[in-house]
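The numbering used here numbers the first residue of the sequence shown as 876 and each following residue consecutively.
Worksheet: the structure to be examined is printed underneath.
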Amino acid sequence: MKIFIDTSAIIAYFNADDRFHGEAEGIMRDLTEGGIPLTRLYVSDYVFDEAVTFIECVLRDHALAVDVGEALLSSPFTTMLRVEEEVFEE
Numbered sequence: 876m877k878i879f880i881d882t883s884a885i886i887a888y889f890n891a892d893d894r895f896h897g898e899a900e901g902i903m904r905d906l907t908e909g910g911i912p913l914t915r916l917y918v919s920d921y922v923f924d925e926a927v928t929f930i931e932c933v934l935r936d937h938a939l940a941v942d943v944g945e946a947l948l949s950s951p952f953t954t955m956l957r958v959e960e961e962v963f964e965e
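Structure (C-alpha cells):
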C-alpha cells in the first residue's frame, strides 16, 4: 500500500501534546509492525515545509523541527514528491 502523509499526521505523530497524538502513534505502529501493509510513504515538498515551519514557528521547537525534517528526509520508506510548476498549474 502507498500512503500520502499530510501535515496534520506528521504534527500529531511528533507532537506529544497534539490531541491526535495517540491515534497517530497507533497508526505509525501499525505501519511499521505490518498491521497496515505499507510499501511506501509519500510526502510532498509543500507538506514537508508546512510541517517543519509549523513546528518551528507555532510550537517554537527548533530541535523538534530539525528532527522531523531529518526523519522525513532520511527514512528509507519515505519518498519526497516535488511539486513542479506544471503540476502546480494543473
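Heads up, the beta-carbon is just placed ideally off N, CA and C, and yes, glycines get one too.
Per-residue DSSP class, three states only, for residue i
i	result
methionine 955	strand
leucine 934	coil
glycine 897	helix
aspartate 989	Any property of residue 989 remains undetermined from this structure, which presents the chain solely from 876 to 965.
glutamate 965	coil
isoleucine 911	coil
Extent of the continuous alpha helix (DSSP H) run through residue i
i	result
serine 949	937 to 949
Strand pairing of residue i, partner residues [DSSP]
i	result
tyrosine 917	Phe879 and Thr954
Proximity below 8 angstroms, CB of residue i to CB of residue j
i	j	result
aspartate 936	isoleucine 930	yes
phenylalanine 895	valine 943	no
alanine 926	threonine 953	no
aspartate 893	alanine 887	yes
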